[in-house]
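Undergrad: If you scroll down you'll find the structure; I have some questions about it.
Number of protein chains: 2
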Amino acid sequence: MVSAAQLSLSKMNIRDLKFDEKGLIPAIIQDYKTAEVLMLAYMNKKSLEITLKSGLTCFWSRSRREYWVKGATSGNIQSVKAIYYDCDKDALLIRVHQRGVACHTGNRSCFYRRLKVRFKRVSSRQKRIRKIS
Amino acid sequence: MVSAAQLSLSKMNIRDLKFDEKGLIPAIIQDYKTAEVLMLAYMNKKSLEITLKSGLTCFWSRSRREYWVKGATSGNIQSVKAIYYDCDKDALLIRVHQRGVACHTGNRSCFYRRLKVRFKRVSSRQKRIRKIS
Numbered sequence: 006m007v008s009a010a011q012l013s014l015s016k017m018n019i020r021d022l023k024f025d026e027k028g029l030i031p032a033i034i035q036d037y038k039t040a041e042v043l044m045l046a047y048m049n050k051k052s053l054e055i056t057l058k059s060g061l062t063c064f065w066s067r068s069r070r071e072y073w074v075k076g077a078t079s080g081n082i083q084s085v086k087a088i089y090y091d092c093d094k095d096a097l098l099i100r101v102h103q104r105g106v107a108c109h110t111g112n113r114s115c116f117y118r119r120l121k122v123r124f125k126r127v128s129s130r131q132k133r134i135r136k137i138s
Numbered sequence: 006m007v008s009a010a011q012l013s014l015s016k017m018n019i020r021d022l023k024f025d026e027k028g029l030i031p032a033i034i035q036d037y038k039t040a041e042v043l044m045l046a047y048m049n050k051k052s053l054e055i056t057l058k059s060g061l062t063c064f065w066s067r068s069r070r071e072y073w074v075k076g077a078t079s080g081n082i083q084s085v086k087a088i089y090y091d092c093d094k095d096a097l098l099i100r101v102h103q104r105g106v107a108c109h110t111g112n113r114s115c116f117y118r119r120l121k122v123r124f125k126r127v128s129s130r131q132k133r134i135r136k137i138s
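From first to last, the protein sequence lines are chains A and B.
Heads up: the first sequence is residues 6 to 138, going by this note's numbering.
Heads up: the second sequence is residues 6 to 138, going by this note's numbering.
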């Protein structure tokens, strides 16, 4: 049993979306409870339709060039709760219930590494100097 | 005054990132307090470097083909709090303090519209029927 819910769609919406020259649209996957961003993957029209019909996220793998139902082999499926699209209609935000982890590394989110950036507090004195110079 | 914070970076990290054939990497922008996903935009190496130096998000506008410091004209700047990259090193998640709104429409997030999808609850009886058939 794939999902206890079935999605039906006003087809107008898919036609309105802007897929890029490769027929793809980026989809941000977000945990619907915690709001944690889990991953970014790509969909084409067909994988979006599969997602809508099954209630589970299905992507187009750019590297393997194949459809990829998330969790089909690992069991870490993503049940779709809501799909949003942005002002330019060229990006999706999909809120999901994540079973297990989202990342193949075993991390819950694919964004588990932070760029080594360091904030240097600029002192009030430095600010004054900058204004003067 | 652009920002009270200045970022310095281990240059290794930028070199490790995978920019696509157009030299771009998608950047998910998330409110650092509420975890709301505000927008998706694209960076190239230079705009990421500008972001890191200024502490404010700077993107590459694919349509206008120019650098775009978010909020430079509207005042709705995004101060960078943390930058994460994903397991494939080809997507960024940037947590920001958003001044004002993120979207040019006046909405806080660019993802203010929901696909008209309707969940049809599958009853237990229907599930049993499906299992049998």
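Glycine residues also receive a C-beta, built at the ideal position from the N, C-alpha and C atoms.
Thinking just about the alpha-carbon of each residue, which of A:R20, A:E26, A:N18 and A:Q35 is nearest to the one in A:V101?
TA: It is A:Q35.
Undergrad: Sorted by chain position, which residues of the same chain lie with C-beta nearer than 8 Å to A:K23's C-beta, five sequence neighbours on each side aside?
TA: Around A:K23: I30, D93, K94 and D95.
Undergrad: For a contact meaning CB atoms closer than 7 Å, what does A:E71 contact in chain B?
TA: Those within 7 Å of A:E71 in chain B number zero; the least Cβ separation is about 16 Å.
Undergrad: Taking just the CA atoms, how far does A:L120 sit from A:S114?
TA: Going from the Cα of A:S114 to the Cα of A:L120 covers about 15 Å.
Undergrad: Helix, strand or coil for B:I88, going by three-state DSSP, please let me know.
TA: DSSP places B:I88 in strand when its eight states are reduced to three.
Undergrad: Hey, does B:V7 have any beta-carbon neighbour from chain A nearer than 8 Å?
TA: Since pLDDT at B:V7 reaches only 38, below the 50 mark, its modelled position is unreliable, and the value read off the structure follows with that caveat. Not one chain A Cβ lies under 8 Å of B:V7.
Undergrad: According to DSSP, is B:R67 part of a helix, a strand, or is it coil?
TA: If DSSP states are grouped into helix, strand and coil, B:R67 belongs with coil.
Undergrad: Helix or strand or just coil, what does DSSP make of B:A10?
TA: With a pLDDT of 46 at B:A10, under the threshold of 50, the modelled position of that residue is not reliable, and no figure is offered here.
Undergrad: When the Cα of A:I33 is compared with those of A:T39, A:V122, A:I99 and A:K86, which residue comes out closest?
TA: When only C-alpha atoms are compared, the closest one is A:I99.
Undergrad: Shortest alpha-carbon distance to B:T110 belongs to which of B:A87, B:L97, B:S79 and B:S84?
TA: For B:T110, the nearest C-alpha among the options comes from B:S79.
Undergrad: Hey, B:M48 and B:W65: beta-carbon distance below 8 Å or not?
TA: Yes. Within cutoff.
Undergrad: With 8 Å as the limit, tell me which residues of the stretch 23-50 of chain A have their beta carbon closer than that to any beta carbon of chain B; keep them in chain order.
TA: Those residues of the stretch 23-50 of chain A that come within reach of chain B (Cβ to Cβ, closer than 8 Å) are P31, I33, Q35, T39, A40, E41, V42, M44 and L45.
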